[in-house]
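**Student:**
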Amino acid sequence: MASAMIEYPGNVPVWVNRDNCKACDICVSVCPSGVLGMRYDSTSTLGAIISVDHPEACIGCNECELTCPDFAIYVADKKEYKFAKLTDDAKARQAAIVANNYMSLDQQGVK
Ligand code: SF4
Ligand code: SF4
């Protein structure tokens, strides 16, 4: 699919092209560090959209960008951003997000 990558907004590890996100959860499922989650969004055709909730925990593994089928999420170059190291807290948060059906923990049960 030819889809222009949106410009790096600067000083962030991960950014999103909201227009392309199909709310498939794949990026959330592959993130090792509990960075991502889905949020309810009435403006999205699927009712939800990807959210970068914990950018400070991103380790720059690129898994989200590599697995997104819709070219909707991008990871900064290691020269552009100093990524975090994977911590036990981040791994535990990721497990909680998976257990929450990939929904953002910040929006649990919220419409
Ligand atoms: S680059 Fe890796 S750690 Fe960062 S949001 Fe994507 S999957 Fe998660
Ligand atoms: S993998 Fe891509 S399309 Fe699917 S939820 Fe993540 S950003 Fe959206």
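Just so we're aligned, residue 7 is where the sequence shown starts under my numbering, counting upward by one. All C-beta atoms in this analysis are idealised placements derived from N, C-alpha and C, irrespective of residue type, glycine included. These numbers were taken from a predicted model, which means no experiment stands behind them.
My assumption, with CB atoms under 8 Å, is that Leu92 sits in contact with Ile103. Please give the rounded CB distance.
**Tutor:** One-based indexing of the sequence shown puts residue 92 at position 86. One-based indexing of the sequence shown puts residue 103 at position 97. In fact, because the Cβ distance is near 15 Å, the residues do not count as touching under 8 Å.
**Student:** Please report the residue range of the alpha helix (DSSP H) in which Ser57 lies.
**Tutor:** Residue 57 sits at position 51 when you count from the first residue of the sequence shown. Note, Ser57: premise wrong, no alpha helix (DSSP H); beta strand (DSSP E) at Ala54 to Val58.
**Student:** Pro75: buried (16+ other C-beta within 10 angstroms of its C-beta) or exposed?
**Tutor:** As a first step, residue 75 is located in the sequence shown; it is residue number 69 there, counting from the start. So Pro75 counts as exposed.
**Student:** Look up Arg24 in the DSSP assignment and say whether it is helix, strand or coil.
**Tutor:** Here the question's residue 24 lines up with position 18 in the sequence shown. DSSP places Arg24 in coil when its eight states are reduced to three.
**Student:** Check this for me: beta carbons of Tyr80 and Val34, under 7 Å apart or not?
**Tutor:** Along the sequence shown, read from residue 1 onward, the residue named residue 80 stands at position 74. Along the sequence shown, read from residue 1 onward, the residue named residue 34 stands at position 28. No, Cβ-Cβ distance for Tyr80 and Val34 is not below 7 Å.
**Student:** Please name the residue, chosen from Asp95, Glu86 and Ala96, that lies closest to Gly16 on a Cα-to-Cα basis.
**Tutor:** Translated into positions along the sequence shown, residue 16 becomes position 10. Of the listed residues, the one whose Cα sits closest to Gly16 is Glu86.
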